[in-house]
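Numbering that gives the first Met the number 0 puts the first residue of the sequence shown at 0, with every later residue one more than the last.
Glycine is no exception: its CB is placed at the ideal position from the N, C-alpha and C atoms.
Input: a single structure, listed below in structure tokens.
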Amino acid sequence: MKKNIEQKLLSKNTNPTSMRILVYDFLEQQQTAMSLSEIESHFYKADRVTIYRTLKTFEGKGIVHSIQENTTVKYILCHDGCDEETHKDWHLHFYCKICKQTTCKEDFIIPQNGSQNYRIDEIKLFGKGICENCLKESLQ
0 MKKNIEQKLL SKNTNPTSMR ILVYDFLEQQ QTAMSLSEIE SHFYKADRVT
50 IYRTLKTFEG KGIVHSIQEN TTVKYILCHD GCDEETHKDW HLHFYCKICK
100 QTTCKEDFII PQNGSQNYRI DEIKLFGKGI CENCLKESLQ
């Protein structure tokens, strides 16, 4: 597992330090986007600044993308297609008003522009509502 993470980081031109490996491993296990505070609470004695710098490095290298949610930024791993120049997160970021979780809705895809006259590097599409799990619970 550790070797696999090291290879992924190296493939993104990122030095695989111990903290980067730990943060990547933690994010890989998550199904929802996580804030800096949520990530920090998982690491008992890790420095907040080190975790923040790790996340910013990951974002710059196309390893994670950030989701602005009111006054909070949340992070989630990118797909392998993202790189230092372009994040390919052309999908809806969805916030559930009941469970307060943010997820990527890959089935809600924004069509990419076919025009060669300009290049869109990033689109931020954010929706709020009730997720499928909370909706099921409310109907029971």
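For L26, the closest C-alpha among the options W89, E83, K44 and T53 is that of T53. The beta carbon of E39 lies closer than 6 Å to those of R47 and I50 in the same chain, with the five residues before and after it left out.
As summarised for the segment 45 to 73, the continuous beta strand (DSSP E) elements at least 3 residues long and confined to that stretch are 63 to 68, given in chain order. Within its own chain, the residues whose Cβ lies closer than 7 Å to the Cβ of L124, once the five positions on either side in sequence are excluded, are L91, H92 and I109, listed in chain order. The alpha carbon of V63 has as its nearest neighbour, out of N69, H41, K99 and M33, the alpha carbon of M33. Taken through DSSP and simplified to helix, strand or coil, H78 comes out as coil.
Taking a C-beta distance under 9 Å as the contact criterion, C103 and I75 qualify as a contact pair. Assignment of beta-bridge partners to C103 by DSSP yields H92.
In its chain, beyond the 5 residues on either side, L91 and F93 have a beta carbon closer than 6 Å to the beta carbon of G126.
In chain order, T31 place their CB closer than 6 Å to the CB of Q100, counting only its own chain and leaving out the 5 sequence neighbours on each side.
In the three-state scheme derived from DSSP, where H, G and I count as helix and E and B as strand, I119 is classed as coil.
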